[in-house]
Amino acid sequence: MSGSWGVLGGLLAGVGGAVLIAALVLGRGDAAEVVTWETLNEEGGVLWRQVESYERPSFKRVFNPRTERESRQGWTRYEAGEAVDSISIGLSIDGILTWHHRRTDPGAPNDPASMGERRSWPRPRGPSAALGDGSCGEVDERMERVPSEGKGPFMCIGPHPRPATGTRGGAGSPAWPIDLDVESIQKEARFNPQGGLESITFRALLEDGSRVVIGWERFHITLLPLSEWEAIEELVYGE
37 MSGSWGVLGG LLAGVGGAVL IAALVLGRGD AAEVVTWETL NEEGGVLWRQ
87 VESYERPSFK RVFNPRTERE SRQGWTRYEA GEAVDSISIG LSIDGILTWH
137 HRRTDPGAPN DPASMGERRS WPRPRGPSAA LGDGSCGEVD ERMERVPSEG
187 KGPFMCIGPH PRPATGTRGG AGSPAWPIDL DVESIQKEAR FNPQGGLESI
237 TFRALLEDGS RVVIGWERFH ITLLPLSEWE AIEELVYGE
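Residue numbers (this note's numbering): 37 to 275.
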């Protein structure tokens, strides 16, 4: 599991409350019934999560260059508070499908016919739903909240130590660049006023005093009614 899904998974462990989230009818743009965390737990619903990410290569790749930006979307169907199915997809930044995975059939290979397709994928709108209590420790126990005024957006900061050798990197835990003189790396998490995690950014402080962004993730969580699940399946697996 990537760093972004891991962060969201940890936050989802504390799903609760009755925060109202206006559901969007997938792909149609019409207003739908309002889904809350309370109704998701009691009656069921669909949790829609999106992560856009960027990771700076740790060195200049002359051969086998890789994509620095990507987008991932996932939908989890809940019935009476229990996750019973989930679909996740990976996309290039211009909407080309790169992989898909389904919880109920994890061993099934990707359909090669659908890989490489460019489609018009839906994008969540409105504020991101708040998960848990919006504390810094939900993202990383080493992070501390930056003093802020009022009840607006807030930020948490903390160190990003050098990952152990052999550790798989990713935008959620980027490698320290070996082509830069890095002194330290700071991790910043930004939340909306409701406590919803909006982004995590990694900034490298260089020995000359300058700063370089080496990775970031932007999150969005939306709740949908159960009636949208069929449309989601058709979106990912339909012709």
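Just so you know, even glycine gets a beta-carbon here, dropped at the ideal spot from N, CA and C. Computed from a predicted model, the values in this text were never measured in an experiment.
- For the pair V70 and I268, the CB atoms are not nearer than the 8 Å cut-off.
- For the pair of segments examined, the region 253-272 was found to touch the region 155-175: the number of CB pairs separated by less than 8 Å reaches three.
- Distance between N228 and G188, taken at the CA atoms: about 7 Å.
- Of all C-beta pairs linking the region 204-220 to the region 230-246, three or more are shorter than 8 Å, placing the two stretches in contact.
- The continuous alpha helix (DSSP H) containing V272 extends over residues 265-273.
- The beta-carbon distance between A207 and E91, rounded to whole angstroms, is 4 Å. This is short enough to meet the 8 Å contact definition.
- When the beta-carbon positions are compared, A119 and V175 stay at least 8 Å from each other.
- For the options E234, A211, F190, the alpha carbon positioned closest to that of I250 is the one of A211.
- Separation of G131 and S124 (C-alpha to C-alpha, rounded to the nearest whole angstrom) is 14 Å.
- Contiguous alpha helix (DSSP H) elements confined to the region 149-201 do not occur, taking only those with 4 or more residues.
- If you check the CB distance, L127 and E106 come in under 8 Å.
- Excluding residues up to 5 positions away in sequence, M179, E180, R181, C192, G194, A225 lie with their Cβ nearer than 8 Å to the Cβ of C172 in the same chain.
- Membership of E91 in the beta strand (DSSP E) is indicated by the continuous run 81-91.
- Beyond the five residues adjoining it in sequence on each side, G117 comes within less than 6 Å, by CB distance, of N77 in the same chain, given in chain order.
- Closest in C-alpha terms to L233, from the list R159, E115, G186, D169, comes D169.
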